[in-house]
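Accompanying notes for the structure given below.
Number of protein chains: 2
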Amino acid sequence: MKRASIKDIARIAGVSVATVSYVINKKEGSRISESTKNRILEIAKEINYTPNKIARSLKMNKSKLIGLIVPDISNDFYSNIARCIENEAMKLGYTILIGSSDENPEKFKKLTELFSEQQVDGMIVTPVAGSDEAIKRLLQDEYPLVSVDYYLENVSFPAVTLNNFEISEHIFDYLMKHNFEELIYIGYDTTLPHLQDRQQGFERKISSSGVTAKKILVKMGDVTSEVHAGLEKNLIIGSKKTALYFLNNKIGNAGLHYLAKNKIRVPEDVSVIAFDETDAYSLFPTEITCIRQPLKEMAKQAIKLLDEQTAHFSMKGERVVCQAELIIKKSVK
Amino acid sequence: MKRASIKDIARIAGVSVATVSYVINKKEGSRISESTKNRILEIAKEINYTPNKIARSLKMNKSKLIGLIVPDISNDFYSNIARCIENEAMKLGYTILIGSSDENPEKFKKLTELFSEQQVDGMIVTPVAGSDEAIKRLLQDEYPLVSVDYYLENVSFPAVTLNNFEISEHIFDYLMKHNFEELIYIGYDTTLPHLQDRQQGFERKISSSGVTAKKILVKMGDVTSEVHAGLEKNLIIGSKKTALYFLNNKIGNAGLHYLAKNKIRVPEDVSVIAFDETDAYSLFPTEITCIRQPLKEMAKQAIKLLDEQTAHFSMKGERVVCQAELIIKKSVK
DNA sequence: CTGAAAGCGCTTACAG
DNA sequence: CTGAAAGCGCTTACAG
């Protein structure tokens with residue numbers, strides 16, 4: 001795998017490496033004669049030259065690499081946003097390094113270290129509970145950083161988030177139009193603020209309305225079985241007119257799985273609203289009313305914020321809030 | 001983002017960069033005195049030193065980067081295998097660069113160029129129709145390469161594949177035990193050999209059995225609508241005892257979506273077998289009998305083959321065939 | 001219009 | 001036990 005270098009071209013063309021470099025990089029400022037330019041370009045093609053970006057990176061102190069840390073790239077939501085980020089990154093000439101943290105702060109830290117050693121120009125991360133330390137460290141080193149989905153309260157850096165609180169309020173209002181007697185909402189048992197926002201938006205409305213509401217919180221590790229157990233215990237078909245609100249896609253999947261398995265009809269027996277819009281929902285007999293996150297927009301903003309950071313690092317911690325959208329289908333009656 | 005270098009440590013410790021390098025890399029051969037060793041390590045920690053892998057890569061001609069090219073990282077199957085590859089890669093100290101080709105040979109080529117410029121140590125790819133040119137080029141440059149899922153007939157390089165032909169034969173035998181009068185199978189309209197194997201294994205059995213079988217081939221671009229149209233036309237509920245065989249996860253999703261939407265019961269109205277095992281299937285009211293690909297095993301083999309290639313490049317083109325498994329659930333009666 | 005030279009942060013064979 | 005030096009493949013300010 002011996003690759004041709006700028007030196008080889010220079011030798012063959014009988015010019016200096018500087019000249020070759022100028023030609024390859026199409027610098028307009030330094031004017032090389034057309035003839036040498038053409039000769040160099042021809043030789044480059046002939047010997048199959050491809051630039052060595054690593055050498056370039058070393059010299060330029062820019063790798064054009066972005067590290068992306070998600071909880072789990074095999075999770076539908078994250079693979080979808082990763083795809084959007086990939087697209088936006090490519091547009092600006094960046095390539096994506098990917099790592100999954102499994103919501104584990106140790107792994108998260110390892111990944112940040114790995115990526116920073118690989119000299120990524122910045123990272124897009126979804127922090128996890130306990131990752132504050134690692135993040136502060138990166139910020140201390142003035143590492144460009146943007147968080148998507150999650151944000152942290154006690155650390156200030158740019159984040160692309162969702163109007164979680166407001167959309168949950170909105171969902172409550174939407175449900176209330178249908179006169180439900182009981183609401184059951186299922187979320188994570190977590191300290192992560194963006195997920196708490198989702199719950200609290202809903203809760204604020206509940207408390208000022210007097211409707212019966214049951215909250216089920218599940219551990220991140222064992223979503224499926226806890227969601228099933230929670231519904232088993234709390235969902236009594238035929239007693240009251242009930243709506244379910246699943247606060248993210250994993251919970252939504254587990255919840256719908258439970259309903260499918262137990263032949264509980266939607267919306268005849270119970271109504272459902274689920275956060276996130278995933279392909280999987282389409283296999284459920286009823287089209288699911290859901291909350292769509294504007295993934296493309298979020299990805300675009302994240303890359304933009306990151307790219308700005310690479311130019312001028314700032315700790316401002318501006319937060320870009322994207323607007324989630326309620327997609328009304330047929331699962332609420 | 002000025003980072004400490006080996007030089008800084010050397011200066012502070014009053015030793016040469018060579019000494020620092022030896023200590024940092026824990027070379028046992030060259031024995032540095034305990035006292036300088038400790039001093040260096042302490043300083044490194046104090047000034048927050050992290051090695052610059054790019055400089056190391058340049059010198060060593062090894063980046064510890066692997067490029068992964070899949071058709072679409074947001075597709076459930078590929079994000080799952082990507083996750084497995086990530087895990088296996090990490091074990092050997094590799095980091096993953098990701099790119100999606102969208103089954104587009106131009107994009108595929110771009111990604112190979114991008115990754116090779118980034119000096120990846122090798123690539124794991126799923127070739128697409130028309131990517132032969134780009135692949136040959138890589139092979140010419142003696143670029144370590146492994147294909148997963150897909151393989152190419154006219155180009156020889158290591159591949160991790162599935163026993164597609166045999167598992168389809170096996171599925172036929174399994175279905176025949178249930179005395180179906182009609183089989184409908186849906187696959188891609190493609191020249192890719194591994195997908196043809198899936199069809200042909202099935203077809204060989206059909207022709208020697210005399211059972212009625214309908215083949216539906218759909219274009220890769222527009223799976224959902226074509227699957228729906230195909231089923232609309234060919235699936236007549238109540239006429240014959242029928243089984244459906246979906247040849248991959250995208251088709252499986254589209255097919256099950258059609259059944260769910262039209263309230264066609266499984267297995268009462270029609271039986272179903274689907275390739276791949278995805279979370280999405282769990283939202284379907286019936287547990288789906290499916291073919292599980294051993295993703296972990298495939299990832300492990302892919303990384304192993306690639307790692308071997310980086311040590312000694314060979315064009316042998318050995319093919320590792322992994323065994324798919326029929327997971328019997330409740331969708332066949 | 002072109003080249004010599006320094007330097008990015010490392011590693012390593014060699015010398016002492 | 002430690003250091004001087006070359007070199008990986010680039011870029012770029014400077015000189016001519």
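Chains as they are written, first to last, in UniProt numbering: chain A, 1 to 333; chain B, 1 to 333.
No residue lacks a Cβ here, since even glycine has one placed at the ideal position from N, Cα and C.
Anticipated Cβ contact below 8 angstroms, residue i with residue j, distance rounded
i: serine 35 (chain B); j: proline 71 (chain B); result: About 57 angstroms separates the two Cβ atoms, so there is no contact after all.
i: isoleucine 98 (chain A); j: isoleucine 73 (chain A); result: 6 angstroms
i: isoleucine 9 (chain B); j: isoleucine 32 (chain B); result: With a Cβ gap of about 13 angstroms, isoleucine 9 (chain B) and isoleucine 32 (chain B) do not count as contacting.
i: asparagine 249 (chain B); j: aspartate 276 (chain B); result: 4 angstroms
i: isoleucine 69 (chain B); j: phenylalanine 108 (chain B); result: 6 angstroms
i: glutamine 309 (chain B); j: proline 158 (chain B); result: 7 angstroms
i: lysine 300 (chain B); j: glutamate 88 (chain B); result: 5 angstroms
i: residue 336 (chain B); j: aspartate 132 (chain B); result: Outside the shown range of chain B, which is 1 to 333, sits residue 336 (chain B), and nothing can be said about it.
Classification of residue i by the beta-carbon crowding that lies within 10 angstroms, buried from 16 upward
i: isoleucine 236 (chain A); result: exposed
i: arginine 83 (chain A); result: buried
i: leucine 255 (chain B); result: Here residue 255 (chain B) turns out to be glycine, not leucine, going by the sequence shown. Classification for glycine 255 (chain B): buried.
i: asparagine 253 (chain B); result: buried
i: aspartate 76 (chain A); result: buried
i: glycine 210 (chain A); result: exposed
i: glycine 93 (chain A); result: exposed
i: glycine 238 (chain B); result: exposed
i: serine 207 (chain A); result: exposed
i: glutamine 119 (chain B); result: buried
i: alanine 274 (chain A); result: buried
Residue nearest to residue i in terms of C-alpha spacing, selected from the options
i: residue 351 (chain A); options: A:Glu46, A:Ile167, A:Leu326 and A:Gly122; result: Here chain A has residues from 1 to 333 only, and residue 351 (chain A) is not among them.
i: leucine 162 (chain A); options: A:Ile73, A:Val125, A:Asn249 and A:Val148; result: A:Val148
i: isoleucine 184 (chain A); options: A:Tyr174, A:Met220 and A:Ala243; result: A:Ala243
i: valine 272 (chain B); options: B:Lys241, B:Val17 and B:Tyr49; result: B:Lys241
i: threonine 191 (chain B); options: B:Ala274, B:Thr289 and B:Leu217; result: B:Leu217
i: isoleucine 251 (chain B); options: B:Val270, B:Asp222, B:Arg265 and B:Glu232; result: B:Asp222
i: methionine 298 (chain A); options: A:Glu86, A:Thr310 and A:Tyr174; result: A:Glu86
i: leucine 283 (chain A); options: B:Glu106, B:Lys37, B:Asp197 and B:Thr224; result: B:Thr224
i: glutamate 325 (chain B); options: B:Thr289, B:Met90 and B:Ile303; result: B:Thr289
i: glutamate 268 (chain B); options: B:Ile186, B:Leu138, B:Pro285 and B:Tyr174; result: B:Pro285
i: glycine 230 (chain A); options: A:Met90, A:Asp141, A:Val266 and A:Lys215; result: A:Lys215
i: residue 395 (chain B); options: B:Glu42, B:Tyr281 and B:Asn61; result: The structure shown has nothing for residue 395 (chain B), since chain B only spans 1 to 333.
i: residue 346 (chain B); options: B:Ala44, B:Lys219 and B:Lys26; result: As shown, chain B starts at 1 and ends at 333. That puts residue 346 (chain B) outside it, with no answer to give.
i: leucine 139 (chain B); options: B:Asn164, B:Lys329 and B:Leu306; result: B:Leu306
i: aspartate 197 (chain B); options: B:Leu175, B:Thr212, B:His170 and B:Ala213; result: B:His170
i: lysine 296 (chain A); options: A:Tyr78, A:Ala18 and A:Ser63; result: A:Tyr78
i: glutamate 318 (chain B); options: B:Pro144, B:Thr112, B:Arg11 and B:Leu175; result: B:Pro144
C-alpha gap between residue i and residue j, whole angstroms
i: isoleucine 47 (chain A); j: leucine 114 (chain B); result: 18 angstroms
i: proline 294 (chain B); j: lysine 316 (chain A); result: 46 angstroms
i: lysine 2 (chain A); j: lysine 53 (chain B); result: 20 angstroms
i: isoleucine 327 (chain A); j: arginine 204 (chain A); result: 22 angstroms
i: isoleucine 129 (chain A); j: lysine 136 (chain A); result: Here residue 129 (chain A) turns out to be alanine, not isoleucine, going by the sequence shown. Near 14 angstroms, if we compare the C-alpha coordinates of lysine 136 (chain A) and alanine 129 (chain A).
i: lysine 59 (chain A); j: phenylalanine 313 (chain A); result: 20 angstroms
i: valine 321 (chain A); j: phenylalanine 246 (chain A); result: 21 angstroms
i: glycine 67 (chain B); j: asparagine 80 (chain B); result: 16 angstroms
i: alanine 4 (chain B); j: tyrosine 49 (chain B); result: 5 angstroms
i: asparagine 38 (chain A); j: proline 51 (chain A); result: 17 angstroms
i: serine 116 (chain B); j: arginine 292 (chain A); result: 37 angstroms
i: lysine 177 (chain B); j: glutamine 199 (chain A); result: 51 angstroms
i: valine 15 (chain B); j: alanine 55 (chain B); result: 20 angstroms
i: asparagine 179 (chain B); j: lysine 263 (chain A); result: 28 angstroms
i: glutamate 103 (chain B); j: proline 193 (chain B); result: 15 angstroms
i: isoleucine 186 (chain B); j: tyrosine 150 (chain A); result: 40 angstroms
i: valine 266 (chain A); j: valine 332 (chain A); result: 8 angstroms
i: lysine 304 (chain A); j: threonine 126 (chain A); result: 16 angstroms
i: lysine 110 (chain A); j: isoleucine 6 (chain A); result: 36 angstroms
i: leucine 195 (chain A); j: alanine 302 (chain A); result: 19 angstroms
i: lysine 219 (chain B); j: aspartate 173 (chain B); result: 28 angstroms
i: glutamate 181 (chain A); j: leucine 259 (chain A); result: 19 angstroms
i: glutamate 226 (chain A); j: glutamate 232 (chain B); result: 39 angstroms
i: methionine 90 (chain B); j: glutamate 42 (chain B); result: 28 angstroms
i: glutamate 142 (chain B); j: lysine 330 (chain A); result: 55 angstroms
i: lysine 26 (chain B); j: glutamate 106 (chain A); result: 24 angstroms
i: isoleucine 24 (chain A); j: valine 160 (chain A); result: 37 angstroms
i: glutamate 287 (chain A); j: histidine 257 (chain B); result: 10 angstroms
i: phenylalanine 202 (chain B); j: phenylalanine 165 (chain B); result: 7 angstroms
Task: 3-residue-minimum beta strand (DSSP E) runs that sit fully inside the segment 210-282 of chain A, ordered along the chain - done: Along the segment 210-282 of chain A, the beta strand (DSSP E) occurs as fully enclosed runs of 3 or more residues at 212-218, 242-246 and 271-275, listed in sequence order.
- [ ] Would you list, in sequence order, the uninterrupted beta strand (DSSP E) runs of no fewer than 3 residues that lie entirely inside the segment 128-153 of chain B?
- [x] 145-148
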